[in-house]
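Each remark here refers to the structure printed beneath this line.
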Amino acid sequence: MTRCASELALEAHLFDPARSTVRPHLEGCVACRTRLSRMEQEGEEFRRFVHPRTVDRVVANREPRRPAWRRLLVVLFPAGGLAAAAAVLLLGPPQPPLDYVGAKGTALSLRVWAGSADGAREVGDGERIPASALLRFQVASGQPCRLWLLSVDGRGEVSRLFPAQGDAPALFTGGTTLPGGVALDGQAGPERLYAVCSEDAIPLEQVERSIREAIAGEAGAVRRGPRLRGLPAGAAQATMLVEKLP
Amino acid sequence: MEDPRSQAARLYRELGPVVYRRCLRLLGDRAAAEDATQEVFVKLLRDMDRLKDRETVLPWVYRVAMNHCLNLRRDARRRGQDGMAEDLDVVPDAHAEGPDAYPDRQLAQAVLSRFDGETQAVAVGVLVDGMEHEEIAAVLGISRRTVSRKLARFLENARKFIARTGTGEAEPDEGAVP
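Chains A and B, in that order, give the protein sequences. If you read the first sequence in the numbering used here, its first letter stands for residue 1, the second for the next number, and so on. If you read the second sequence in the numbering used here, its first letter stands for residue 1001, the second for the next number, and so on.
The structure is reproduced here in structure tokens:
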């Protein structure tokens, strides 16, 4: 008797019976036929009851919902006023001190650069910058890891900054200036940046949730910058605050 | 030519059952599975091209649904709703070798929600869904070696946990969520 089919193999059988690889096994395995029968019943339950009462809502919500004001605009570089910033960064901005990066593990550093008429300048933690400033980011890690960069503002709105698209964090090695950048939303107040890097891919939702939980229920938490909890062991994190001035 | 809205509705009808079954299996509650199915499918519909690719869509849908529902289980555990985190059904016949192949399945369920998302997905894929290491590796986009390593770590920590309980707490370890 061959090995019993996994759930995914049975799903593939239901999805495209003509290409099923488990049919021979099913013919001789009562247990798998029973599982398949139950799956068919659940599928029918979905089609008869769940789909009709939920399809309109699902289809209507398929476009990402954005706030009326767009908080942070991910832009490509070099572009507009940030061309100078990009040039400065590409020509070799100061590197994070070597002793900041652990020889072992995923110690992480985050540096922020703001574009201005005079070129790019590094922004210090907690520094006040124009609310519509254009920012780029430099990240360094002690070992290859998968990176998310997000931010949260004083109202608790979490924004995804890098990578700007896709459902997986970006594989990242050493120290680098991240491609692209953001234009701040023009709204005055604190904006805290969180970089999270781990050996294994952390779902975006998990990082977003950790940020929301970290700042929940405490006025001023965004400025204080609590450490994120609920991330996988070994995940490195770095954070920085900027104060947006009107 | 099919308009986008009709196309989305058709894809939901065709692939919704995959998501619904996954959520029902992981959440063990029909209402919760229905809610989760909608949430998952809204995410999936944002990448319509990928959703239409019949060659690759199934493992992707399976993975997104699994990750979403495992996250819900973890959230429920944090809120103290431990019932949801303890009720996974094992698939006793998923391996021809029978329970000897993975004698730790029940044990695995008891500690599942203590681990990070990817480790949970590996444990569920192998120990609950009966997937081959290669199969779950392909679904998650990781190497077979990583699957083996995560599974070994998971089982080792699960055994430690069981050795200390029913009353104790597992010591934090690599892969375990504090």
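Using N, Cα and C, we set each Cβ at its ideal position, and we do this for glycine too. Computed from a predicted structure; not experimentally measured.
Residue i at chain B interface by Cβ criterion, 9 angstroms
i	result
Thr173(A)	no
Met39(A)	yes
Leu14(A)	yes
Val158(A)	no
Gln138(A)	no
Cys4(A)	yes
Gln206(A)	yes
Pro203(A)	yes
Pro144(A)	no
Inter-residue spacing [alpha-carbon to alpha-carbon] between residue i and residue j
i	j	result
Phe1161(B)	Val242(A)	43 angstroms
Glu1039(B)	Val58(A)	8 angstroms
Gly1125(B)	Trp148(A)	25 angstroms
Lys1150(B)	Val207(A)	21 angstroms
Gly130(A)	Pro190(A)	In the sequence under discussion, the amino acid at residue 130(A) is Pro, which differs from the Gly named in the question. Roughly 11 angstroms separates the two Cα atoms.
Glu11(A)	Ser1148(B)	24 angstroms
Thr2(A)	Pro24(A)	9 angstroms
Leu1044(B)	Leu1051(B)	7 angstroms
Asp1049(B)	Pro203(A)	21 angstroms
Arg1114(B)	Asp1003(B)	44 angstroms
Gly166(A)	Arg1030(B)	30 angstroms
Ser1143(B)	Leu171(A)	15 angstroms
Gly1117(B)	Gly115(A)	37 angstroms
Any C-beta of chain A under 9 angstroms from that of residue i
i	result
Arg1144(B)	no
Arg1077(B)	no
Glu1156(B)	no
Gly951(B)	Because residue 951(B) is not part of the residues shown, which for chain B are 1001 to 1178, the question remains open.
Gly1141(B)	yes
Gly1009(B)	Here the sequence assigns Ala to residue 1009(B), which means Gly is not the residue at that position. It does; some Cβ of chain A falls within 9 angstroms.
Gly1028(B)	no
Arg1237(B)	Residue 1237(B) lies beyond the stretch modelled for chain B, which goes from 1001 to 1178, so this question has no answer here.
Asp1049(B)	no
Leu1127(B)	no
Asp1053(B)	no
Arg1005(B)	yes
Gly1016(B)	yes
Whole-angstrom C-beta distance between residue j and residue i, which should lie under 8 angstroms
i	j	result
Tyr194(A)	Gln138(A)	Not quite, the Cβ-Cβ distance comes to about 15 angstroms (not below 8 angstroms), so this is no contact.
Gln1120(B)	Leu1127(B)	11 angstroms between Cβ atoms; not a contact.
Cys1069(B)	Arg1021(B)	Actually they do not touch by this definition, with Cβ atoms about 11 angstroms apart.
Thr54(A)	Glu1014(B)	The pair is not a contact, with the Cβ atoms about 15 angstroms apart (cut-off 8 angstroms).
DSSP beta-bridge partners of residue i
i	result
Leu1027(B)	DSSP output for Leu1027(B) lists no bridge partner at all.
Ala140(A)	Ser109(A) and Gly175(A)
Phe162(A)	Leu149(A)
Lys244(A)	Ile129(A) and Gly189(A)
Val123(A)	Val112(A)
With a cut-off of 8 angstroms, do at least 3 Cβ pairs link the stretch 206-224 of chain A to the stretch 1129-1139 of chain B?
no
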